[in-house]
Amino acid sequence: MKRRFTPWLWASPTLLLLLGLLLWPAIQLVRLSFCRGGGGRSGFGIGGSFYQPGTWTFDVYTQLARDAYFWDVLGFTVWLGLVLTLLCVLLGYPTAYFIWQLPRRWKATALSIVVLVKLSSLLVTVYGLKLILGDYGPVNRFLQWTGLTNTALPLQSSAIGVVIGETILIIPYTILLIWAGLERIDRALIAAARGLGAGAGRSFVHVTLPLSLPALATGTLVSLIWGLGAFISPYLLGSPQEITLAVDVQRQMFENLHWPRSAAEGVALLLTLALLVALCALPRRWLWKKSGLEAQAV
Amino acid sequence: MASVRLENLRYSFTGERPAVDNVTFTLASGELFCLLGPSGCGKSTLLRLVGGYLRPDGGRVCIGERDVTGEAPERRKTGMVFQNYALFPHLSALDNVAFGLRVRGWDQPGRYAKANETLDWLGLSAEERTRRPSQLSGGQQQRVALARALAFAPSLLMLDEPFANLDRLLRERLREELKAVQRRTETTTIFVTHDREEAFALGDRIAVMHRGRLLQIGSPEAVYEEPQGKLVADFLGHRNLFPVTALSESKAEAAGVSIVRPERPVQIGDHLLLRPEKLALRREAHNGAFPGIVRQRRFAGTFAIVTVELASGAALEVQQTDAPTPLTPGEAIWVEVPAAAVTVVRGREGA
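Okay, structure coming up:
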């Protein structure tokens, strides 16, 4: 009895934080989405009509369902999430593989370069990108200098900018997760495959890849979660066409002052996330089983 | 299958003394060759050089007629059994064994038939063949690893301390199985071990390795009977090794024991090996026997090891097969040293 209780005790500070600062506000959020908009008092002293406490209605949801703009935003959010996931995995796997192959003393350097982006402030990173990708930024100047293009390419205030920015923000997680998975592979297995007659390509396909699938799945999942919640890059590097749900939630809350709608969009984002994660998690379990690595879960 | 030749093979890890130092030997086709040496003597490194996992600093590796020195592991057709087995965790035992055939483009029925045949030799049940390595016992994993290395009919089979993680009984059984399957397939084999008993039991020939160099190559009997150098004698577990302190026309003296000078040339600095199993103990003074005091008696089943302290202070071990009354420590005793009990061991190592 005591031994069962102890782990809970260790986790209790975190659990309390999660309960108090995540679960409870989430419940509040769902409740808020069922309130009538307008007529409330903000408490900010600026008047306005945020929501009417104590009311119950499906108004916001029916409104959202009929709102083409909402569906556009949702569509862009999902598209962006999937594109980001794909990019992060396609670029992250080779990078992680490269780091895994490096001699021990270079690994630490390579890994610190990967996490470098995460060490500086988010705003600094994104504003920096805005400058680099801008019409008069080094990238566009270089492209014009080489003669590949005559006019500045819309590398920011565009979907391209959003994708570039958010990929840079997410890919460190993808790389680290996949690298950690690769690092767990016993190198003797690769040697064994080579000795049995598999060349570098075949030993990758038949041994390294299958054994790294669980890590690849985890990396995909985490990239997707970050990608669907993309906020800062669309906000700062996007044009009015590149609005994600996360950005719109913020705008409904602070610009339109329509709190129930903001809450409902938040709920929609959570549901979309849950759906996509579930779709990803199902094959993940299967992959774990297939890789024969259940015994050593990450 | 194929003969194997190593010529002046050299390898050193950066900034260290050579791990493999000018090693040359030839394996006859179908021979079972045991590489015996303490851990860190370079025997695993030697295997990795032969398997192509390391590029030698100098020298050549030839398998059959082919010089494979510059070739990648996958082109050498060598089967390797790793110490930790290195079985693929995502594949069943059968798929593990079929792996070498799969990457050679065999179709599924063909490779499964061959894999099953190989596993039949090693007695793995049909049910066990469907299991993942993690669901198999150590002995079963060992059999799968051996079958995997043999299934694609390699020119050379290499085993790197394969039985090190197994208990003694299982080790002895697998040793017999290995020998049987090696004879059946007539695969040229290099077996690396630090266990001299294992090397004696398995090897057609034995090579004793020390600090990257081969000290002696020969049949197990020859290596045991005539150890070339003190290092070999020490590593083979020989006791009663005493430096020669005085020489005359007809006599040689070591540890205060003066014996008839052996026929083989002997000089100061050499060692005399007095074989415990060929010494005799007498309770009374005896012509030509040396007095001593019993210090210890260790019972070992079919025989006992008696430690006798000689007048010179040297401790001599004598193997006693039948003693009417057990000797007790403190008892005075006389040791008889027949000429057959003495082997000359050269003082300089490897000489």
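Sequence order for the protein chains is U and Z. In terms of the numbering used here, the first sequence opens at residue 1 and continues consecutively. In terms of the numbering used here, the second sequence opens at residue 1001 and continues consecutively. Even glycine gets a Cβ: it sits at the ideal position worked out from N, Cα and C. Please read all numbers here as calculations on a predicted model, not as lab measurements.
| Check | Outcome |
| --- | --- |
| Buried or exposed: Trp179 (chain U), going by 16 or more other Cβ atoms within 10 Å of its Cβ? | buried |
| Beta carbons nearer than 7 Å to chain U: which residues of the segment 1086-1101 of chain Z have them? | Ala1086, Phe1088, Pro1089, His1090, Phe1099 and Gly1100 |
| Can you list the residues of chain U that Arg1148 (chain Z) reaches, using a CB-CB cut of under 9 Å? | Ala192 and Leu196 |
| Indicate whether the contact test is met: 3 or more Cβ pairs, each with one atom in the segment 234-252 of chain U and one in the segment 109-121 of chain U, closer than 8 Å. | no |
| For Asn1022 (chain Z), which of helix, strand or coil comes out of DSSP? | strand |
| Listed in chain order, which residues of the segment 1103-1115 of chain Z have Cβ atoms closer than 8 Å to some Cβ of chain U? | Val1103 and Arg1104 |
| Give the secondary structure of His1286 (chain Z) by DSSP, where H, G and I count as helix, E and B as strand, and everything else as coil. | coil |
| What in chain Z is Cβ-close to Asp186 (chain U), meaning under 8 Å? | Asn1084 and Ala1086 |
| Can you give me the Cβ contacts of Phe1200 (chain Z) inside the same chain, cut-off strictly under 6 Å, excluding the 5 residues immediately before and after it? | Pro1220 |
| Considering only residues of the same chain and omitting the five flanking positions on each side of Thr1318 (chain Z), which have a CB-CB separation below 7 Å? | According to the sequence shown, residue 1318 (chain Z) is Val rather than Thr. So the qualifying residues of the chain are Pro1276, Leu1279, Leu1281, Val1306, Val1308 and Val1335. |
| For Ile171 (chain U), is the classification buried or exposed, using 16 other Cβ atoms within 10 angstroms of its Cβ as the cut-off for buried? | buried |
| When you compare the CB positions of Gly238 (chain U) and Thr174 (chain U), do they come within less than 8 Å of one another, or not? | no |
| In the DSSP assignment, what residue or residues form a beta bridge with Thr1325 (chain Z)? | Thr1325 (chain Z) pairs with nothing; no bridge assigned. |
| What does a CB cutoff of less than 7 Å around Asp135 (chain U) pick up in its chain, not counting 5 residues either side in sequence? | Ala152 |
| Mind checking the segment 1234-1265 of chain Z against chain U and listing, in chain order, the residues whose C-beta falls within less than 7 Å of any C-beta there? | none |
| Give me the subset of the segment 200-214 of chain U whose CB atoms are less than 9 Å from a CB atom of chain Z, sorted by chain position. | Ala200, Arg202, Ser203, His206, Val207, Pro210, Leu211 and Leu213 |
| Excluding the 5 residues preceding and the 5 following Glu1007 (chain Z) in the sequence, name in chain order all residues of the same chain whose CB lies nearer than 6 Å to its CB. | Thr1024, Gly1059 and Arg1060 |
| Quick check on DSSP: helix, strand or coil for Val298 (chain U)? | Low confidence applies here, because Val298 (chain U) scores a pLDDT of 33, under 50, leaving its location unreliable and the question unanswered by this model. |
| With DSSP run on the structure shown, which of helix, strand or coil describes Leu9 (chain U)? | helix |
| Would you report the Cα separation of Ser223 (chain U) and Ala200 (chain U), rounded to the nearest angstrom? | 29 Å |
| Out of Z:Ala1126, Z:Pro1265 and Z:Leu1046, point me to the one whose CA is closest to Ser1248 (chain Z)'s CA. | Z:Pro1265 |
| Where do the ends of the beta strand (DSSP E) carrying Ser1258 (chain Z) lie? | Val1257 to Val1260 |
| Go through its chain and collect everything with a Cβ distance to Val1097 (chain Z)'s Cβ below 7 Å, but skip five positions before and after it. | Ala1115, Thr1118, Leu1119, Val1144, Ala1147, Arg1148 and Ala1151 |
| Comparing the C-beta of Leu176 (chain U) with each C-beta of chain Z, is any distance below 8 Å? | no |
| From what residue to what residue does the alpha helix (DSSP H) around Ala1149 (chain Z) run? | Gly1138 to Ala1151 |
| For chain Z, find out if any of its Cβ atoms is closer than 8 Å to the Cβ of Leu228 (chain U); answer yes or no. | no |
| Under 7 Å Cβ-Cβ, which residues of chain Z neighbour Leu189 (chain U)? | Ala1086 and Phe1088 |
| Cα separation between Asn150 (chain U) and Phe34 (chain U)? | 53 Å |
| Give the DSSP bridge partners of His206 (chain U), in chain order. | According to DSSP, His206 (chain U) bridges with nothing at all. |
| So, Val126 (chain U) versus Leu29 (chain U), is the Cβ gap smaller than 8 Å? | no |
| Is the Cβ of Phe1152 (chain Z) closer than 8 Å to any Cβ of chain U? | yes |
| Just verifying my parser: in three-state terms, what is the DSSP assignment at Cys280 (chain U)? | helix |
| As an exercise, report each continuous alpha helix (DSSP H) stretch of at least 4 residues that is fully enclosed by the segment 1221-1263 of chain Z, in chain order. | 1230-1235 |
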